[in-house]
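Report on one structure; see the data block that follows.
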Amino acid sequence: MAVLSSAAAAARLPEHVVRRVMGIVGGVLIRVVPALVAVLLWQWAAAAEQSPYFPTPFDIAVRVRELWFSAPLGDGVLTDRFLRDAGPSLLRALGGWALGGAAGVLLGLVAGQWKRAAGYIDPPVDFLRSLPKPAIVPVFLLVFGAGDLMRVGLIAFGCTWPVLLNTLQGVRTVEPVQRETARAFHIPVRVQLVRIIIPATLPKIAAGLRITLSLSLILMVLSEWLLADSGLGNFLITAQRTFDILDMWAAIVLLGLVGYLLNLLFVAAEKRLLRWHRHLSARG
Amino acid sequence: MSAVEVRDLTKEYGKGASAQTALRGVSFEVAEGELLSVVGPSGCGKTTLLKCVAGLMPATSGTARVLGQVADGVPDGLAVVFQDYSRSLFPWMRVGRNVDFPLRSLGLRTAERRERVARALESVGLADKADRYPWQLSGGMQQRVAIARALAYRPRVLLMDEPFASVDAQTRAGLEDLTRRVHQESGMTILFVTHDIDESVYLADRVLVLRRSPGGVLTEMDVELPVVRDQITTRSLPEFVRQRSLVAQHIRAASGEADGVGGAAGPDANTPADARPGPSDSDAPSPQPATANG
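Chains as they are written, first to last, in UniProt numbering: chain A, 1 to 284; chain B, 1 to 294.
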C-alpha cells in the first residue's frame, strides 16, 4: 500500500482515483490471497509427501492444460480433446437443465395461478422432489436405455422440482396490489400473465435456475458414470478405474472450473436482466 | 344519473357466527363531476367500501352502481389509485410504460396512446421522467406516476384509496392541489377515501363521514369553500375551520358511542382494527421512503 501511495504521489494522481484503485486492488487481494495460500500449502504438502494419490497442484494444472487447453492460440486454445470430453457433457447438462427448467416454470406458473391445479400438482411434487435423484436412475435406464436420452432425462427430472417450487412460490407472492391494479384496468388474463405475473416471478425463477445449474452438473457426472462412452464424468471414472490418478484429478479440476464459469455467466446475465429487482431489494 | 350510486350496501367477512360486519346498510350517491371524500377512523371499512364500488370485491348484500352498471367485476370507465404506490406500479417497466400499459388493452392507436401518456405525465409534472424506472423516483413522484396512469386511462370515475397516506406533509399538500386541479380540468367524478379530516374537507365538494363497528354512514355535509383553493388561505378560512371541527366532532361522538356499546371488552372487541387482510387501511408507516420533491 505504501508503495502504491508513493507511486501515486509521484504521478500526482487525484486522491479519489488512488482510493478507488486501492479499493479494487484490496478487493481482489481478499479474494485471491486465501485461495492462493491454500493452493501453496497443498503444493508444499503434496510435494513433501510424494503420495501417488495426491499429485501436486502444479502437476495437475500442467495436465489440465496439456489435455484440454494446449491448442495454439489461433485455434482458440481448446483442444479437440476438450470438445470430445466436455462438449457432450455440457450439451447433456445444459440440455437437461433447460428442459427441466422449462417444465418447472410451466408447471409452477399453472399451479401458482390456478388454485385447483395446485391441488393436483402439490402432493406428487412434494413426493418427487424428496426422492433422492439417483434412486430414479434404474427406472430411467429401463425406460430410456443407456443412451443420452436417459442422461438428459435424469438431469431434466432433477432440475424440474427446485424450479417448480420457486416459480410456484413466486407466483403466490406476487403483490396483491399489482393484481388488483391489473383487474381494475381490465387487463386481459393472458396479458396479466405475460406482462405482470411472469416478470414479477422472474427473480424467484432465476433463483431456482441458479440452484439447478449446479445440480445439473452433479447429475451429469453421475449419469456419465453409467455406461457412457464420452463426457467428463466418463473420463473421470475411467481414469480412477485405470489408476490414472493425475488424469482423475485433472478431470475434477476441470469440472470445478466449468461449474464456476457457468455460475459466473448466469449471475452476470441475471444481474443484467433483473436490474429492477436488485435495486428494489437494495432499498429494503 | 349519479356517477356512483350505493344502495344499502352490506359487507361481511367470514360466514356464520364468526362473521365480521365491515359495512352495514351504506347508501350514498356521487353526482357526475363531483369530488366526494369519504372520511372515517381506521377500521371503519373505507377501503372495503371503495373495493366494493370498484368491483374488486363482491358486496354481501345491496348494490353499488357505477355509471349505471351494477359493479360485479370492475365497471367500465373507472380507474383506481391505491395508497401503496410502490406496489401498484410495475418496477420492471419504465415510467412511460407504466402509464401506457393499461392503454394497450383499450385498443387505442399507437399515436393516440403516445399522446395520452405524454399529456398525463405533463399534467403531473413528470414529462421528463418517462424513461426512468419507478424505483428511481421519490415516493411523491411515484404516486404522481400512479395518478398519471389513471389520468391517461381517461376514466369517468376515479377512485382514490388513501393515496397520500404514506408521503410526507409537503409532498402531500402538492398532491392534494394536483388532485383538485386535475378534477377541475377533466371534470371527472372522484371518490376520495382518507382518514385525514383536514384533507377530506380541503379537497372535496362534499364529505361523507363514516362510523365504525360496524361501518356505516354517520353523516354527509356539503363543503362550502371557494372552488379555487389554496393550502394556506383556504385552511385559515373560518368556514374551513368550522367544517373540519364539525367532522371531527361527529367522528368523536360516534367513537364515544361505540366505546359505550363495546363495554368491558373494549371498543375493538367486536370489530378488529382492520377486518380485511392487507396493509392498505392501516396507519402503520409505510416502508417506502417518503422524500419531499418539488
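Note that beta-carbon positions come from the ideal geometry of N, C-alpha and C, so glycine has one too. Please read these numbers as outputs of a predicted model, since none were measured by experiment.
Do residue 214 of chain A and residue 88 of chain A have their CB atoms nearer than 8 Å? no
Residues sharing a beta bridge with residue 12 of chain B, DSSP: B:21
Determine the DSSP secondary structure at residue 189 of chain B, reduced to helix, strand or coil. strand
Going by DSSP, what residues sit across from residue 123 of chain B in a beta bridge? According to DSSP, which records beta bridges pairwise, residue 123 of chain B is partnered with nothing at all.
Among B:175, B:103 and B:127, the one whose alpha carbon lies nearest that of residue 152 of chain B: B:103
Write down the C-beta distance between residue 99 of chain B and residue 117 of chain B rounded to the nearest angstrom, noting that I regard them as a contact closer than 8 Å. 5 Å
CB contact below 8 Å: residue 197 of chain A versus chain B: no
Same chain, Cβ closer than 7 Å to residue 206 of chain A, neighbours up to 5 away in sequence not counted: 270 and 274
Got a sec, what are the start and stop residues for the alpha helix (DSSP H) residue 94 of chain B sits in? Careful: residue 94 of chain B lies outside any alpha helix (DSSP H) and carries neither H nor E.
Who are the near neighbours of residue 46 of chain A in its chain, counting only those whose CB is closer than 6 Å to its CB and skipping five residues on each side? 54 and 56
At what residues does the alpha helix (DSSP H) containing residue 177 of chain A begin and finish? 176 to 184
Given residue 96 of chain B, which residues of its chain have a CB within under 8 Å of its CB, disregarding the five upstream and five downstream residues? 117, 121, 130 and 131
Residue 87 of chain B versus chain C: which residues are under 7 Å apart at the beta carbon? Here the protein chains are A and B, and chain C is not one of them.
Between residue 37 of chain B and residue 192 of chain B, how many whole angstroms is the CB-CB distance? I'm expecting something under 8 Å. 4 Å
What separation, rounded to the nearest whole angstrom, lies between the Cα atoms of residue 90 of chain A and residue 92 of chain B? 32 Å
What residue from B:31, B:220, B:247 and B:41 has the CA that sits closest to residue 316 of chain B's CA? Not covered by the structure: residue 316 of chain B. The range shown for chain B is 1 to 294.
For residue 196 of chain B, which residues from the same chain have a beta carbon less than 7 Å from its beta carbon, with the 5 sequence-adjacent residues on both sides left out? none
Does the region 239 to 250 of chain B come close enough to the region 184 to 191 of chain B to have 3 or more Cβ pairs within less than 8 Å? no
Cross-chain neighbours of residue 188 of chain A in chain B, by beta carbon under 9 Å: 105
Out of A:236, A:26 and A:149, which one is the CA nearest neighbour of residue 250 of chain A? A:236
Cross-chain neighbours of residue 56 of chain B in chain A, by beta carbon under 9 Å: 180, 183 and 184
Using a Cβ-Cβ distance under 8 Å, would residue 298 of chain A count as near chain B? Only positions 1 to 284 of chain A appear in the structure, and residue 298 of chain A is not among them; the question remains open.
Cβ contact (3+ pairs, closer than 8 Å) linking the region 125 to 138 of chain A and the region 187 to 196 of chain A: no
Whose C-alpha, out of A:181, A:27, A:119 and A:232, is nearest the C-alpha of residue 54 of chain B? A:181
Assuming residue 219 of chain A and residue 86 of chain A are in contact, meaning their beta carbons sit under 8 Å apart, how far apart are those beta carbons, in whole angstroms? No, residue 219 of chain A and residue 86 of chain A are not in contact; Cβ-Cβ is about 16 Å, not under 8 Å.
I want to verify the contact list: residues of chain A whose CB lies under 7 Å from the CB of residue 133 of chain B, in sequence order. 276
Using three-state DSSP, classify residue 4 of chain B as helix, strand or coil. strand
Report the rounded CA-to-CA distance for residue 285 of chain B versus residue 113 of chain B, giving the unit in angstroms. Only weak support is given to the placement of residue 285 of chain B: the predicted model assigns it a pLDDT of 41, under 50, and the value that follows is read from those uncertain coordinates. Their Cα atoms are separated by approximately 36 Å.
Secondary structure at residue 37 of chain B, three-state DSSP: helix, strand or coil? strand
Unbroken alpha helix (DSSP H) run spanning residue 86 of chain A, endpoints: 80 to 113
Grouping DSSP H, G and I as helix and E and B as strand, with all else coil, what is residue 41 of chain A? helix
Three-way DSSP call (helix, strand, coil) for residue 215 of chain A in this model: helix
Just list the alpha helix (DSSP H) runs in the region 99 to 172 of chain B, keeping only unbroken ones of 4 residues or longer that don't cross its boundaries, in chain order. 110 to 123 and 139 to 152
When you compare each of A:245, A:152, A:160 and A:178 to residue 212 of chain A by their alpha carbons, which one comes out closest? A:160
Mind checking if residue 153 of chain B is an interface residue toward chain A, Cβ cutoff 8 Å exclusive? yes
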